[in-house]
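> The following block contains the structure, expressed as structure tokens.
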Amino acid sequence: MGWLIRFLLFRWANDDSIEQPQSTWPTWVVVSLLALVLGGVGYVLYLAIF
Numbered sequence: 301m302g303w304l305i306r307f308l309l310f311r312w313a314n315d316d317s318i319e320q321p322q323s324t325w326p327t328w329v330v331v332s333l334l335a336l337v338l339g340g341v342g343y344v345l346y347l348a349i350f
């Protein structure tokens with residue numbers, strides 16, 4: 301699971317370094333949404349395993 305998060309963060313960092321005028325979302329909104337999604341998935345997996 302950790303490698304997936306690192307991969308996503310690596311891709312996100314690379315995408316961020318390139319100018320993307322079509323992307324109008326602020327960085328903190330994207331980070332917050334990613335954190336909520338990852339937290340929800342992690343919570344569901346935790347409940348499913350334990």
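Position in the sequence shown counted from 1, then plus 300, gives you my numbering. Heads up, the beta-carbon is just placed ideally off N, CA and C, and yes, glycines get one too.
Rounded to whole angstroms, what's the CA-CA distance from PHE350 to GLY340? Just pull it up for me.
Within the sequence shown, the letter at position 50 stands for residue 350. Within the sequence shown, the letter at position 40 stands for residue 340. Rounded to whole angstroms, PHE350 to GLY340 spans 15 angstroms at the Cα level.
> Would a C-beta distance cut-off of 8 angstroms place ILE305 and LEU338 closer than the cut-off?
On the sequence shown, residue 305 is found 5 positions in, with the first residue counted as 1. On the sequence shown, residue 338 is found 38 positions in, with the first residue counted as 1. Contact: yes.
> In whole angstroms, what is the alpha-carbon distance linking ALA348 and PRO326?
Here residue 348 corresponds to residue number 48 of the sequence shown, with the count starting at 1. Here residue 326 corresponds to residue number 26 of the sequence shown, with the count starting at 1. Taking the straight line joining both Cα atoms gives about 33 angstroms.
> So what's TRP307 in DSSP terms, helix, strand or just coil?
As a first step, residue 307 must be located in the sequence shown, where it is residue number 7. Note that residue 307 is Phe in the sequence shown, not Trp. PHE307 falls in the helix class under three-state DSSP.
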